[in-house]
Amino acid sequence: MKHVFAARRAPILWAGLLGVSWAACADTAQTHAISQTERLSAWFERHPSAQPPGDIASWAWHAASERGGQAVLQRELAEVLAPSHSALAGFVRSLPVTGRVALPLVDGRWLQTNPSADPILREGDTLVRHARPADVAVLLPTGHVCRVAHQPAASWLAYVRACDPSVAPALSWLIQPDGQVVTADALKRYTAQPVLAPGGWLWVPPGDGAIAPAVSNRLAQFLATQGPADPAYPWTLRDRRIAAEPGLPDAPLPTSVNDWGTVGLLQTPTARMEPAGTAGLMFGRVLPYAHLKARLQPFDWLSVSFGYVSASDRLYGAADDEGDRSYVDKSADVKLRLWREAAWRPQVVVGLRDLIGTGLFASEYVVASKAFGNLDLSLGLAWGYLGSRGQFRNPLGLVSSRFDERPVIHSESGGTLNSKGYFRGRTALFGGIQYQLPSHPSWLLKLEYDGNDYRSPTDRGNIQAASPWNVGVVYRARSWLDLTVGFERGNQIMFGFSLHERMNRLDMIKFLDPPRVPVRPVGVASGQAHSVSDTVAELERQAGAAVKRMHGGDVRWTLVLDGADRGDQRPLVDKVVAVAHRDAPATVQTIRVALEERGVPVAEVAVDRTRWARERTEFLRPSERQTDRVTRPVAAGDPARQPGNLYDRDAAGLWQRGRAGLGLNYTQSLGGPDGLLFSLGAVAQGEYRLRDDLWATGVLQLRLLDNYDKFDYTAPSNLPRVRTFIREYQTDRRVTVPVAQVTHFGEAGQNHFYLAYGGLLESMYAGAGVEYLYRPVGSRWAVGVDVNRVQQREFSQGLGLRDYKVTTGHTTLYWDTGFEDVLLRLSAGRYLAGDVGITVDASRVFANGVRFGAYATKTDVSAAQFGEGSFDKGIYVSIPFDVMLPRTGGGAATITYAPLIRDGGARLSRRFTLYDLTRSRDPRADSAASSWQP
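Quick note: the sequence shown uses my numbering, first residue 62, plus one each step.
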């Protein structure tokens, strides 16, 4: 096949050099020249016979204004491809420059009801009606076009195999007949593969990466300007059609977890990963162990799991016969993908189990997985507990003899990296197969060979394994629930379940939000006049925040909102601008929305009214698509800082100083040997604004339900008891006052902010403090300093104080790295116990606001002084209420897993922080695309 490609290059190359266009061989198409400016829907209304009922023809809009840009794209593509793929460059040169603009749907009636998808046609444009072809065109790196008869049930991979069975692409581009471009990744087996419509193009780049993905994407965009693939290209790969074998599209490759809470078989891991943004919780039981593990997949290439292993054959205590409950071992596991699966290469990961626990179950492994249809094969090499069968000498011993022996590491305190034992000692093979039943895809069958012989000191001779082979079956009862039953070691029944969800896809329809204000086209007068009071009322209804001032001029309106910060400011600004666009005079060209927080102007969004309205009332040509807004600081002389000439809340005496509400409060301690400890209470909270930037806050709490009386384990501490009195604070009184403070927020310059506060700052501490933050608008970094003088409160959480006092504070660098949406916080300073050190907090923030994060603090306190856990650390998940509730709002629920509550590395918990108060300056706040992209 490769030789056939080479023999065919010359005609294509000469076609490009001589200027021969594929258009000369195109099928007969009906072309309609546009002679007047009108909407596409209006054109169809004037030409009813052009789109009869049941018509399946493909319509294309060729805009004269877009031909120049497409000609530049064509020339640049040819220049990039010519040095290494001259025939392909010749093919690109031979294609016509059409000016085609892809539309979401070409249906006259639908366009009338969706004006933002209804383009305005102008003189010089053309409408082209193509008969829908019956073929799919596969463009190969040699520049040849392979024609394949379309099969409704065939996947895009079937067309590639029909053209050349030896080709096994990873990344390809599907160009649908309507011009939509879809990137298809054959290696993303956890998602269904896209299907190509008749008349579509399929661009298959070389598998060696000789053509960069960015170039392939531009080539696909240019192919999208060609319209449906023409069945009459003269230099096709073969003279006859190639029929793709019909079959169901390649099904997503299912993943499920093993007994240890990571993606795998039963006892052993595989190289498979869940999609980024997945969170899960599993429970599994096979005597004498029970596993309760949570897992997070912050990236496609990294998985983290953490939780408990309960051993019923030993007790929690200094000796095996001490204690009154089963031994609970806390651990964290990590799995890192080294490379992805390719056509002839398996996916490979390296993993560490119990990497910072006590070391009882510490293991390291390298495992490879390769899929063949519904069958997934895995084979790996393990060290430590997972590889205790010890069949082979450590291959790393060839590098250094120190890898031949594995030191016995068992840390009673836990929490330290067991790095002295990593990848040391003898090794064992493990592996297995997973098979998905084709007729019942909810069922998975598993068979594995276990590398653990259960004779290690961890098992203490209590486990008798009759066989190294384990078998199991998984039933996917729901998209979020797996049930597992297995037979392990030849003599034990295993059962378990796993919950899992794509947290980055959580969303909720806002059916309790007020209906949005309709947007009228530019130049169309509003059908109804609205008073200023009507405008203010609608603004507050749409924004869910107070309108503080309105300033109007001939060409500019400025609206000042107080307390409207929701993190993602684009939807908020769009709602506000819709009201202003409805009511502002036609001469107003710019609408400014100033976002204040606690009386301080944090940022201002200036919106170009014409661009904004056109984007929502017509389908713009690519050359006309421009950003419609810019976010900037509020300058000293800005109208947002001046009294409003249309409306001024303060001058009108409409300022509502106080507010109060009732709610529920949930507190938890997750990670200690007592398991989940929680407290549920009813809270009454209130706030009174002494002035715009000065307010008093108070919280009264009634404890309703808790289990802190079961908090039996109080670890010894060699430090001041700054946090380990949590049981006393949670159980001493049923009615408490957790917070009662006064706070002042202010500016020290355009990008400089400060915060001063004092009172009962949290449930355990009272005092006063100040914070400073430097944060430019739209910057990926910020730096802040806080200093606090606090004293420990009485357990009753009233006004009484204990003797302990401390000065604590930190310097913090905030850095939005731009890599995989990672936010990094680095803090250095003095902690509540007087210890000095640093805290590293890294989190992945997804587009919907869900955050996966982890933190670790290391201070000048030794592991022995710190006690069990060795240093402070934790993993957390933050979920915005906005993705769970039917009404737009702020706030988030945060779940933190910390192995133990300790005194070292403890920080003051402050109700208000400057980084949160200035979220409107975050570049993520306005990161959405400014217009619809085809």
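A virtual CB, placed ideally from N, CA and C, is assigned to each residue, including glycine.
**Asked** Taking one C-beta from the segment 174-185 and one from the segment 667-683 each time, how about it: are there three or more such pairs within less than 8 Å?
**Response** yes
**Prompt:** Does the Cβ-Cβ distance between H591 and G705 come in under 8 Å?
**Reply:** Contact flag unset, no.
**Message:** How far does the alpha helix (DSSP H) with P274 in it extend, from its first residue to its last?
**Reply:** P274 to L284
**Request:** Note down, in chain order, each residue of its chain lying with its Cβ closer than 6 Å to the Cβ of K866, except the 5 sequence neighbours on either side.
**Result:** The answer, listed in chain order, is Q852.
**Item:** Supposed contact pair L263 and S233 - C-beta distance, whole angstroms, cut 8 Å
**Value:** Your pair S233 and L263 checks out as a contact, with CB atoms roughly 6 Å apart and the cut at 8 Å.
**Message:** Using 8 Å as the threshold, is the C-beta distance between R784 and R963 below it?
**Reply:** yes
**Prompt:** Given that a residue counts as buried once 16 or more other Cβ atoms are within 10 Å of its Cβ, and exposed if not, what is V324?
**Reply:** buried
**Item:** Short Cβ contact (8 Å threshold) for Q287 with R190
**Value:** no
**Request:** Go to S155, then tell me how far its alpha helix (DSSP H) extends in each direction, as first and last residue.
**Result:** S147 to S155
**Prompt:** At a cut of 8 Å, does the segment 452-470 reach the segment 361-368 through at least three beta carbon pairs?
**Reply:** no
**Asked** Hey, quick one: how far does the beta strand (DSSP E) through F105 stretch, first residue to last?
**Response** Looking at the DSSP string, F105 is not in any beta strand (DSSP E); the run it does join, the alpha helix (DSSP H), is L101 to R107.
**Item:** CB-CB length for G160 against E127, believed under 8 Å
**Value:** 4 Å
**Request:** Can you grab the Cα-Cα spacing for the pair M555 / S824, in whole Å?
**Result:** 44 Å
**Request:** Check whether the Cβ atoms of A290 and Q408 lie closer than 8 Å to each other.
**Result:** no
**Message:** Bridge partners for C207 per DSSP, in chain order?
**Reply:** According to DSSP, which records beta bridges pairwise, C207 is partnered with V199.
**Request:** Determine contact between the segment 519-531 and the segment 540-555, defined as no fewer than three beta-carbon pairs at a distance below 8 Å.
**Result:** Here the segment 519-531 makes contact with the segment 540-555; the two share three or more CB pairs at distances below 8 Å.
**Request:** Keeping to the same chain, check which residues put their C-beta closer than 6 Å to that of P267; ignore five residues upstream and five downstream.
**Result:** Within the same chain, P267 has close Cβ partners P202.
**Request:** Give the straight-line distance between the Cα atoms of R107 and R100, rounded to the nearest whole angstrom.
**Result:** Put simply, the backbone Cα of R107 is about 11 Å away from that of R100.
**Asked** From which residue to which residue does the beta strand (DSSP E) around W530 run?
**Response** Under the DSSP assignment, W530 falls in the beta strand (DSSP E) whose first and last residues are W530 to R539.
**Item:** Length of the line joining the Cα atoms of A639 and V580
**Value:** 6 Å
**Prompt:** Alpha carbon to alpha carbon, what distance is there between S931 and Y483?
**Reply:** 19 Å
**Item:** Span of the alpha helix (DSSP H), counted from its first residue to its last, around A290
**Value:** Per DSSP, A290 belongs to no alpha helix (DSSP H) and is neither H nor E.
**Prompt:** My guess is that Y815 and T804 are in contact by the Cβ rule of under 8 Å, so how many angstroms apart are they, rounded?
**Reply:** Wrong, their Cβ atoms sit about 11 Å apart, outside the cutoff.
**Request:** Determine contact between the segment 207-227 and the segment 266-280, defined as no fewer than three beta-carbon pairs at a distance below 8 Å.
**Result:** no
**Cutoff 6 Å; reference D753; Cβ partners in own chain excluding five residues on either side** = G660
**Message:** Assuming K636 and Q589 are in contact, meaning their beta carbons sit under 8 Å apart, how far apart are those beta carbons, in whole angstroms?
**Reply:** About 19 Å separates the beta carbons of K636 and Q589, which is beyond the 8 Å limit, so they are not a contact pair.
**Message:** I'd like to confirm something about S528: is its beta-carbon nearer than 7 Å to some heavy atom of the ligand NAP, or not?
**Reply:** Of ligands this structure carries none, so the ligand NAP is not represented either.
**Item:** Ordered list of beta strand (DSSP E) runs contained in the segment 238-270, each at least 3 residues
**Value:** 242-246 and 262-264
**Request:** Under 7 Å Cβ to Cβ from D300, same chain only, skipping five residues before and after it: list those, please.
**Result:** Per-residue confidence for D300 stands at a pLDDT of 41, beneath the threshold of 50, marking its modelled position as unreliable; the derived number appears in the next sentence. If we look at D300 and ignore the five residues flanking it on each side, it has no Cβ neighbours.
**Beta-carbon proximity of A231 to A253, cut-off 8 Å** = A253 is positioned such that its CB atom lies no closer than 8 Å to that of A231.
**Item:** Identified DSSP bridge partners for S740
**Value:** Answer is T728 and D767.
**Contact check, Q802 vs D767, beta carbons under 8 Å** = no
**Prompt:** What whole-angstrom Cβ distance do K609 and D623 have, given they're in contact under 8 Å?
**Reply:** 5 Å
**Cut-off 8 Å between Cβ atoms - residues of its own chain near Q282, not counting five sequence neighbours on either side** = L134 and V242
**Request:** State the Cα-Cα distance for the pair R985 and G512, rounded to the nearest angstrom.
**Result:** 46 Å
**Prompt:** Since A489 contacts F453 with CB under 8 Å, what's their CB separation in whole angstroms?
**Reply:** 7 Å
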